[in-house]
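This note's numbering puts the first residue of the sequence shown at 1, with every later residue one more than the last. Glycine included, C-beta positions come from ideal geometry on N, C-alpha and C. Note that this is a predicted model, so its numbers are computed, not measured. Read through the structure below, which is laid out as C-alpha cells, and then see the notes.
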Amino acid sequence: KMRVFLFILFAVYSPHSHGITCYSCDQENIVNGSCTEGEKTSWCPQDRWCVKTWENYEGISWNCSHKGPVDDYEGCTSETKDTSTEDTECYCSSELCNTSGVEFISFSLFVLVLVLDL
C-alpha cells in the first residue's frame, strides 16, 4: 500500500514529468493587456514551463513553453530593444502560474527585490 501511495504522490506532485497546464492567449487576441478569450487554458503534455510576455508592461501573450529560462529557475528577464520598447518574459513551472493578471509580475518583482537585498 505504501508503494502505491508513494507512486501516486510522486506522479501528482512531479511537475516536470507529465506536462503542465498554463493560461494561453495569443497576441492577436489581446486588447489593452487583456485576453478577449477570457481565462483560456491549455494542457501541454510535452512542456514544463508557463510563460507570459510583456511589451512595455502590457501583457502581449501567455502560453506553455518547452524552453525555459537559461538558468532553469522561475523568474523574469527584460530586454530594452530601443528607447521606447522593453520586452519582458516570465517563466514559471506550476499549474496555471502565468496568470492573466498583473499579480504574476508583481510576485516576480517581489522575489527579485528579496534576492537583491541579500
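Give the straight-line distance between the Cα atoms of residue i and residue j, rounded to the nearest whole angstrom.
| i | j | result |
| --- | --- | --- |
| T77 | H66 | 17 angstroms |
| C44 | C50 | 9 angstroms |
| E37 | V31 | 10 angstroms |
| T80 | E86 | 4 angstroms |
| Q27 | N98 | 15 angstroms |
| N63 | D71 | 20 angstroms |
| I20 | S42 | 8 angstroms |
| K40 | D82 | 32 angstroms |
In chain order, what residues of the same chain have a beta carbon less than 6 angstroms from the beta carbon of residue i, not counting five sequence neighbours either side?
| i | result |
| --- | --- |
| G120 | No statement about residue 120 is possible, as the shown extent of the chain runs from 1 to 118 and does not include it. |
| W54 | T88 |
| S84 | none |
| G33 | E58 and G59 |
Would you call residue i buried or exposed, if buried means 16 or more other Cβ atoms sit within 10 Å of its Cβ?
| i | result |
| --- | --- |
| L114 | With a pLDDT of only 47 at L114, under 50, the local geometry of the prediction cannot be trusted, and no value is derived from it. |
| Y57 | exposed |
| Y73 | exposed |
| S129 | Because the chain here runs from 1 to 118, residue 129 falls outside it and cannot be looked at. |
| D47 | buried |
Could you spell out where the beta strand (DSSP E) holding residue i opens and where it closes?
| i | result |
| --- | --- |
| S42 | T41 to C44 |
| V70 | Unbroken run through V70: none, as it is neither H nor E. |
| T36 | Premise fails: T36 is in no beta strand (DSSP E) and is neither H nor E. |
| C92 | T85 to C92 |
| G99 | Here residue 99 turns out to be Thr, not Gly, going by the sequence shown. Note, T99: premise wrong, no beta strand (DSSP E); not H, not E. |
In its own chain, which residues sit with a C-beta less than 7 angstroms from the C-beta of residue i, not counting the 5 before and 5 after it?
| i | result |
| --- | --- |
| I60 | Q27, I30, T53 and W54 |
| L9 | Here the model assigns L9 a pLDDT of 42, short of 50, so the residue's position is not dependable, and the following value carries that caveat. None. |
Short of 8 angstroms in beta carbon distance, which residues of its chain neighbour residue i, apart from the five on each side in sequence? Order them along the chain.
| i | result |
| --- | --- |
| L96 | T21, C22, Y23, T41 and C50 |
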